[in-house]
Structure formats: C-alpha cells, structure tokens
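Chemist: Structure incoming, see below.
Protein chains: 2
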Amino acid sequence: MEVVILMAGTQGLRERKKAATRQAVHDAAMRLTIERGIDNVTIDEITEAAGISRRSFSNYFTGKEDALLYADGQQMRALLAAIHDRPAGESAWTAMRAVVATMADRDEHTVSEWAIRTRLALTHPGLLAVQLGNHAALERDLAAVVAERDGVGPVRAHVLATAFLASVRIAMRLWVQDGQPGRPGEVIERVLDEMERPFDGH
Amino acid sequence: MEVVILMAGTQGLRERKKAATRQAVHDAAMRLTIERGIDNVTIDEITEAAGISRRSFSNYFTGKEDALLYADGQQMRALLAAIHDRPAGESAWTAMRAVVATMADRDEHTVSEWAIRTRLALTHPGLLAVQLGNHAALERDLAAVVAERDGVGPVRAHVLATAFLASVRIAMRLWVQDGQPGRPGEVIERVLDEMERPFDGH
DNA sequence: AGGCATACTTGCCACATAGGCATTTTTGCC
DNA sequence: GGCAAAAATGCCTATGTGGCAAGTATGCCT
C-alpha cells in the first residue's frame, strides 16, 4: 500500500493503518460518488481508487452505502462521547442540546460532507435505509448514556434518544432542502424547540 | 397460475390479480422465512412457492426485504387512511392516538405477523434498514395529513408525524422484546404518554 | 536482531441478486 | 373473434456477497 499519513495516537501501527485504510476507502467512495453519482460507481472502482483489493473491501464495509456513511458514524460517535462528557449536573436533554449546538457548526469540511451525504440520502432510498439502520443502532448507545445521566428507565431513555436523533435528522433534511441557509445548528435548535412544544394543540 | 380467491372490489380483474399475486409472494416469503430463517431463503424459492417466475418477482418487489414488509406498508397505509377519516374537530395528535389505540389490537393474525416482522427486524439489520426506509417515505404522507388537519407548517407537521411513528416503533420493539405481554396497544399508549412528557426534567 | 503467533490481505471461487430487452401470454374492450 | 395495452417470462450480463486457503505484515517476546 501507498505510504499514508498516520496520526500517532494511543493505538499501535496495525490499528492506525486499519483506520487509515477505512478512511481512504470512504474518501474514495465519496469522491467517485460526487463525481459520477452513486449508481455509476462500482465497488471495484472504489477499491482501485483506494488501493486495496476487491476482497478487502468486504473486510471493511458491507457495501457502498456503508463506506459512504462511515464518516456519519464517526460523527455520531463523537456526538455521543461529547454528550457523555458534559457536566454531571445537566439533564440529558440539556446535554444533548448543548453538544449539538456547538458541534453542528464545527469545521467547514465536515459540515459540507454532511450536507452531501444528507442530499444523497434524500434521492437514494437505499442509502437512506442504511443510514437509518445505523442510527437505530446508535440509538441504543445514546439511550444508555441518557439512562445513566438522568437515572431513568430504558423506555424513557429510548424516547429521549429517539426524539433527539429524529430532530437532528429532520433538521438536516430541512437544511439541505432549503439550500443550506445559515448555520445547520440554527435549524437543529429550531426543530428541537418544535419537538419540545406540546404535541396536542387541543 | 393457480386459481386463487379474488375479492371482487372497485378494481378490474387485472388489478385484483396483481394484488393477489403480491399477497401470495408476501405470504410465501413470510412462510419460508419463518420456517428456515431469512438468510436461508432465496428469491428463487419464494417465487417457486408463490407460483411466479423469478423475473416477475422483480416486477413486484425489489428484494426479499420488500416482499416481507409488504404487509407492513399495507398496515401503515390503513393507519394513515384511518387518521385521515377521523372527525374534523380532533387535533392531529388526538386523531393519531385514537386510531392507533383501536387499530393495534385488531385481529389476531395481523398482530401476530406484525410481531414476527418486528422480531425479524430486531435480529436482521438489513430488514430493519428497509423498514425504516419505508417508514421515512410514509412519514411524508402522514406529515401531509397532519398539516392539513392541524393547519400547521411542514416543520411542525413532520415533527408530529415523526414523534408518533417513532413511538409506535419503540413500543412494538419493547412489546416483542418483553415477549408480547398483553395488548400491543397498551404499550403504544404508554410510549406515547412518555413522548408527551417534557423532555427536559430540569 | 530473530522468531513465532496472530491478525490482516488477497485471490479464487460459487452462488445470489438487479435489471435491460425481446418475446409470449393475458386482460380489457369493442 | 380481434385488437391494443399491460403483464409475465426467459435470457443474458453486470454486480454483489462471503467462505476458504495461502500469502504477508505486525506485535511481542527473548
């Protein structure tokens, strides 16, 4: 394999290389998909661009969709960790709101790729399905964090986690549908406000 | 094709036959999946059991998952129609609650197959993904119904539709995870109550 | 440094799936 | 019965999925 920049970290070389390969495959998938559209990209082309064998692709991802949504998972896991690390006094809902507000407007590149993935999911049902499946898995973890923080049961925790994640999804969809006006964090907060209002308007 | 019972309805023979074939394929897929597990069933086997050609399967469904979740879509569309037909005075949230409460405890067979599909989705990520994708599509329609009824904007409508559908999903998951104790409608109502409580416990 | 165990990569392979296209069959209607 | 539209089927190619075994890199120990 080509020499790549490997950030020295807490892990050994093997782990770092795996992470780098994963990222490289994801990047290749994103680039090719942006260039030609998702349906005009084969796994073979992605692996060629990323410099690994066709067979190895299957060791990293189960399909194109997974590869494209890799960054999504990374982002979500970062969100989770940030929520976990909020001051202990805060309620889960406050913690989640606080994190997403600051996080959604991070660096330009992350946000723009996020927008691209959201737009892709909007027109490609298969990609949306995989993304929602991933989010369902993450919901468990978020619910666990919520349960621990608020000291509530699993049902309440899942409801909170679901309401929060669904709000973020709705907000991102709106944001890209309207042509990404302003900061995405703004839209997320607006949707979260909407979610907090009583559902039954009498 | 074998002679099948075709309910006389508002449509012509052609439409009824298509519907019957769809149902037959779905039934075959369910039966075989229950017998052997989803991974040990091929499309070829489903088509053979349903009495159609392999090629025709693709004219009806895009894959095994779609075929299995056909009844899910039917059920959801019935839910939508029932919500639409509620008295005009009711708020959307009240209408949705009213419909789901009566509908979830309908006939034994429908509920039991619903449980089976939910359990399948619980262990088979691919099926869950397709289901969530379908629900996302249905969310648009539900949001439209909500918007019309409550006279609210698209954002509010989507929030309400999402909160409702997510509650139903959470409830069904809980219900099957706990071994289907009592009526599913009970669990749904409990989760909806939970969803109505303020998210931020101060 | 050398050597061993483990984990990762790859090639080969058989099988399942997706869907275009042309042909045949069925249906709706006169 | 006869005709046009719609649906079903067969054929075919491209693509995806994942088991298995052989080769290669890495981590670790001495």
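Those sequence lines, one after another, are chains A and B. For the first sequence, full-length UniProt numbering begins at 1 and goes up steadily by one. For the second sequence, full-length UniProt numbering begins at 1 and goes up steadily by one. All C-beta atoms, glycine included, are put in the ideal place defined by N, C-alpha and C.
1. My assumption, with CB atoms under 8 Å, is that alanine 28 of chain A sits in contact with isoleucine 46 of chain A. Please give the rounded CB distance.
2. Are the stretch 89-107 of chain A and the stretch 48-66 of chain A in contact at 8 Å, needing three or more beta carbon pairs?
3. Work out the CA separation of glycine 37 of chain A and isoleucine 170 of chain A for me, nearest whole Å.
4. Which residues, taken in chain order from the stretch 119-143 of chain A, show a beta carbon closer than 7 Å to some beta carbon of chain B?
5. Quick one: does tryptophan 114 of chain B have its CB under 9 Å from some CB of chain A?
6. Buried or exposed, going by whether 16 or more other CB atoms sit within 10 Å of the CB of residue 206 of chain A?
7. Is histidine 26 of chain A closer than 9 Å to leucine 80 of chain A when the C-beta atoms are compared?
8. Is there at least one Cβ from chain A nearer than 9 Å to isoleucine 83 of chain B's Cβ?
9. Nearest CA to the CA of isoleucine 188 of chain A: which residue from A/Asp150, A/Ala98, A/Asp141?
10. Taking its Cβ as the centre, do 16 or more other Cβ atoms sit within 10 Å of proline 87 of chain A, making it buried, or is it exposed?
11. Relative to the C-alpha of glutamate 186 of chain A, which residue among A/Thr162, A/Glu196, A/Gly179, A/Trp175 is closest?
12. In its own chain, which residues sit with a C-beta less than 6 Å from the C-beta of methionine 172 of chain B, not counting the 5 before and 5 after it?
13. Check each candidate in B/Leu160, B/Ser167, B/His124, B/Pro154 and name the one with the smallest Cα separation from histidine 158 of chain A.
14. Are at least three pairs of beta-carbons, each pair with one atom in the stretch 188-197 of chain B and one in the stretch 134-141 of chain B, less than 8 Å apart?
15. Starting from alanine 88 of chain A, trace the alpha helix (DSSP H) both ways and give me its first and last residue.
16. For serine 167 of chain A, would you say it is in contact with chain B, using Cβ-to-Cβ distances shorter than 9 Å as the test?
17. Who are the neighbours of threonine 94 of chain B on chain A, taking C-beta pairs under 7 Å?
18. In chain order, what residues of the same chain have a beta carbon less than 7 Å from the beta carbon of arginine 54 of chain A, not counting five sequence neighbours either side?
19. Between B/Thr94, B/Gln75, B/Val111, which lies nearest to histidine 180 of chain B when the distance is taken from Cα to Cα?
20. So what's aspartate 66 of chain B in DSSP terms, helix, strand or just coil?
21. Buried or exposed: methionine 1 of chain B, going by 16 or more other Cβ atoms within 10 Å of its Cβ?
22. Restricting to Cα atoms, I'd like to know which of B/Gly73, B/Gly63, B/Ala24, B/Gln75 is closest to aspartate 39 of chain B.
23. Compile a chain-ordered list of the residues in the stretch 168-181 of chain B whose CB is closer than 7 Å to at least one CB of chain A.
24. What three-state label does DSSP hand valine 41 of chain A in the structure shown?
25. Quick one: residues in its chain with C-beta nearer than 7 Å to the C-beta of alanine 161 of chain B, no 5 flanking neighbours on either side, listed in chain order?
26. Check whether chain A comes within 9 Å of aspartate 150 of chain B, counting only Cβ atoms and requiring the distance to be less than that.
27. Just tell me which of B/Glu108, B/Ile116, B/Leu165 has its CA closest to the CA of threonine 183 of chain B.
28. Of the choices B/Asp66, B/Gln75, B/Ala92, whose alpha-carbon is the least far from that of arginine 156 of chain B?
29. In terms of alpha-carbon separation, which member of B/Asp72, B/Gly89, B/Val152 lies closest to alanine 115 of chain B?
30. Could you compute how far the alpha carbon of glycine 133 of chain A sits from the alpha carbon of isoleucine 83 of chain B?
31. Quick one: is phenylalanine 164 of chain A near chain B, going by C-beta distance under 9 Å?
32. For glutamate 196 of chain A, go through chain B and note every residue whose CB falls closer than 9 Å to its CB, in chain order.
33. Just to confirm before moving on: does the CB-CB distance between glutamate 196 of chain B and proline 154 of chain A stay below 9 Å?
34. Taking 9 Å as the threshold (C-beta atoms), are glycine 151 of chain B and aspartate 150 of chain A in contact?
35. Taking only beta carbons into account, state which residues of the stretch 96-110 of chain B come closer than 7 Å to chain A, listed in chain order.
36. By Cβ distance, which residues of its chain are closer than 7 Å to valine 3 of chain B, with the 5 residues on each side in sequence left out?
Modeler: With the given structure in hand:
1. Contact holds; Cβ gap of about 5 Å.
2. Contact fails between the stretch 89-107 of chain A and the stretch 48-66 of chain A, because fewer than three Cβ pairs, one in each stretch, are under 8 Å apart.
3. Approximately 24 Å, taken between the alpha carbons.
4. Under the 7 Å Cβ criterion, the stretch 119-143 of chain A contributes Pro125, Leu128, Ala129, Val130, Leu132, Gly133, Ala136.
5. Not closer than 9 Å to any Cβ of chain A, the Cβ of tryptophan 114 of chain B fails to qualify, so no.
6. This structure cannot speak to residue 206 of chain A, because chain A is shown only from 1 to 202.
7. Not a contact, by the Cβ cut-off of 9 Å.
8. Proximity of isoleucine 83 of chain B to chain A, defined by a Cβ-Cβ separation below 9 Å, is not satisfied.
9. Ranking A/Asp150, A/Ala98, A/Asp141 by Cα distance to isoleucine 188 of chain A puts A/Ala98 first.
10. Proline 87 of chain A sits exposed, since fewer than 16 C-beta atoms from the chains shown fall within 10 Å of its C-beta.
11. Here the closest residue by C-alpha is A/Trp175.
12. Short of 6 Å from the beta carbon of methionine 172 of chain B, and not among the five residues preceding or following it, lie these beta carbons of its own chain, in chain order: Thr118.
13. Closest option to histidine 158 of chain A, Cα to Cα, is B/Ser167.
14. No contact exists between the stretch 188-197 of chain B and the stretch 134-141 of chain B.
15. In the DSSP assignment, alanine 88 of chain A falls outside any alpha helix (DSSP H) and carries neither an H nor an E.
16. Nearest CB-CB separation between serine 167 of chain A and chain B: below the 9 Å threshold.
17. For the C-beta of threonine 94 of chain B, the chain A residues within less than 7 Å are, from N- to C-terminus, Asp200.
18. Ile43, Asp44, Thr47, listed in sequence order.
19. Per the sequence shown, the amino acid found at residue 180 of chain B is glutamine instead of histidine. With distances taken between CA atoms, glutamine 180 of chain B lies nearest to B/Val111 out of B/Thr94, B/Gln75, B/Val111.
20. The answer is helix: DSSP assigns aspartate 66 of chain B an H, G or I state.
21. At methionine 1 of chain B, the pLDDT of 37 sits below 50, so the modelled position is not reliable; the number obtained from the coordinates is stated separately. Here methionine 1 of chain B is exposed: its Cβ has fewer than 16 other Cβ atoms, across all protein chains shown, within 10 Å.
22. For the residues B/Gly73, B/Gly63, B/Ala24, B/Gln75, the minimum Cα distance to aspartate 39 of chain B belongs to B/Gly63.
23. Close to chain A, meaning a Cβ-Cβ distance shorter than 7 Å, are the following residues of the stretch 168-181 of chain B: Ile170, Leu174.
24. The answer is coil: DSSP assigns valine 41 of chain A none of H, G, I, E or B.
25. Closer than 7 Å at Cβ, skipping near neighbours: Glu139, Leu142, Ala143, Val146.
26. Chain A, which has a Cβ nearer than 9 Å to the Cβ of aspartate 150 of chain B, makes this yes.
27. The sequence given here places arginine at residue 183 of chain B; threonine does not occur at that position. The shortest Cα separation from arginine 183 of chain B among B/Glu108, B/Ile116, B/Leu165 belongs to B/Glu108.
28. For the residues B/Asp66, B/Gln75, B/Ala92, the minimum Cα distance to arginine 156 of chain B belongs to B/Ala92.
29. Selection B/Asp72, B/Gly89, B/Val152 evaluated against alanine 115 of chain B yields B/Asp72 as nearest (Cα-Cα).
30. Distance from the CA of glycine 133 of chain A to the CA of isoleucine 83 of chain B, rounded to the nearest whole angstrom, comes to 27 Å.
31. Output row for phenylalanine 164 of chain A: interface = yes.
32. Residues of chain B with a Cβ closer than 9 Å to the Cβ of glutamate 196 of chain A are, in chain order, Pro198, Phe199, Asp200.
33. Going by C-beta atoms, glutamate 196 of chain B is not nearer than 9 Å to proline 154 of chain A.
34. In terms of Cβ geometry, aspartate 150 of chain A and glycine 151 of chain B do not form a close pair [threshold 9 Å].
35. Result list empty, no residue passes.
36. Summary for valine 3 of chain B: the model assigns pLDDT 37, below 50, so the residue's position carries little reliability; its value from the coordinates is reported in the next sentence. Closer than 7 Å at the Cβ level, and outside the excluded window around valine 3 of chain B, lies no residue.
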